[in-house]
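To convert, note that position 116 of the sequence shown is 119 in our numbering; the numbers rise steadily by one, no gaps. Where a beta carbon is used, it is the ideal one built from N, C-alpha and C, also for glycine.
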Amino acid sequence: MSATHLPQDETLARFAAGTLEPATRLVVAAHLEAAPQARARLALFEATAGTLLDTLPPTALSDDALDRTLALLDAPPRAAARPAASRKPPRHAARLPAGVTLPRALADCTVGRWIWVGPGVRWSRIGIPGVAHANVGLVQVAPGRALPEHGHGGKEITYVMSGAFSDASGRYGPGDVCEADPEVEHQPVADARDGCICIIAMEGALRFRGLLGTLLRPFTH
Ligand code: ZN
4 MSATHLPQDE TLARFAAGTL EPATRLVVAA HLEAAPQARA RLALFEATAG TLLDTLPPTA
64 LSDDALDRTL ALLDAPPRAA ARPAASRKPP RHAARLPAGV TLPRALADCT VGRWIWVGPG
124 VRWSRIGIPG VAHANVGLVQ VAPGRALPEH GHGGKEITYV MSGAFSDASG RYGPGDVCEA
184 DPEVEHQPVA DARDGCICII AMEGALRFRG LLGTLLRPFT H
């Protein structure tokens, strides 16, 4: 897998600074696993962020910081406090085609079962531990099928896990990311042979047109 479309510098800088929304951060983390060029670029931003931190004056710890730290160490591990429920749904419910695996970045996330949202399009919501309303999920598009043309209420970032898609800005293959902001309206079309499986995170809602837009709306909020 060799990525040709990397995140924008601003996105990597915000990743390095820890200021990305959790859903966007998850998509960038998945991409970084597959894209050594992006990891190298990220290292530059991390070095810059580290230099900035070095120039800040040290902050004094509060008086009870040591007590609170020791209390945390004494606390029982979380797993022991919550026994596993026998009927719990599987953590990763969406079945993937042979040879397609979830990025390690999703190991602690829940991945819901596939939900039909339109002809040749299915969606699976991703849950991020500790985040109440992460707007992120897997989208699988059948070969040659298109997502409905849509605009964006905020930034959208897409990571291609397998297959490929194209829109007016180019063709995106395995390992690539595609970023769209509120000025962009596009209609991604899946590869005619392989279709595509992507992880998509959205800040704000997608704005779809027509009936499909109405169908998809409950899954993109
Ligand atoms: Zn979009």
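Open item on the list: I'd like to confirm something about residue 97: is its beta-carbon nearer than 8 Å to some heavy atom of the ligand ZN, or not?
Closed with: Stepping through the sequence shown from its first residue, residue 97 is reached at position 94. The answer is no for residue 97.
Do you know how far the Cα of residue 203 is from the Cα of residue 153? On the sequence shown, position 150 is the one that residue 153 refers to. On the sequence shown, position 200 is the one that residue 203 refers to. Using only the alpha carbons, I get a separation of about 14 Å.
Thinking C-beta only, is residue 136 closer than 9 Å to residue 207? As a first step, residue 207 is located in the sequence shown; it is residue number 204 there, counting from the start. As a first step, residue 136 is located in the sequence shown; it is residue number 133 there, counting from the start. Cβ atoms of residue 207 and residue 136: not closer than 9 Å.
Beta-carbon contacts of residue 178 that lie in its chain and below 6 Å, excluding the five residues immediately before and after: Numbered from its first residue, the sequence shown carries residue 178 at position 175. So the list reads 4, 6, 37, 38, once near-sequence residues are dropped.
| Host beta strand (DSSP E) of residue 128 (start-end) | On the sequence shown, residue 128 is found 125 positions in, with the first residue counted as 1. Element bounds for residue 128: 124-130.
query = For residue 187, which of helix, strand or coil comes out of DSSP?
reply = Taking the first residue of the sequence shown as 1, we reach residue 187 at position 184. DSSP places residue 187 in coil when its eight states are reduced to three.
Review point. What residues does the ligand ZN have around it, judged by CB closer than 5 Å to any heavy atom, in chain order?
Key: 159, 183
Here's the rule I'm using: 16 or more other beta-carbon atoms within 10 Å means buried, otherwise exposed. How should residue 9 be labelled?
Sequence index remark: in the sequence shown, residue 9 carries index 6 (1-based). Residue 9 should be labelled buried.
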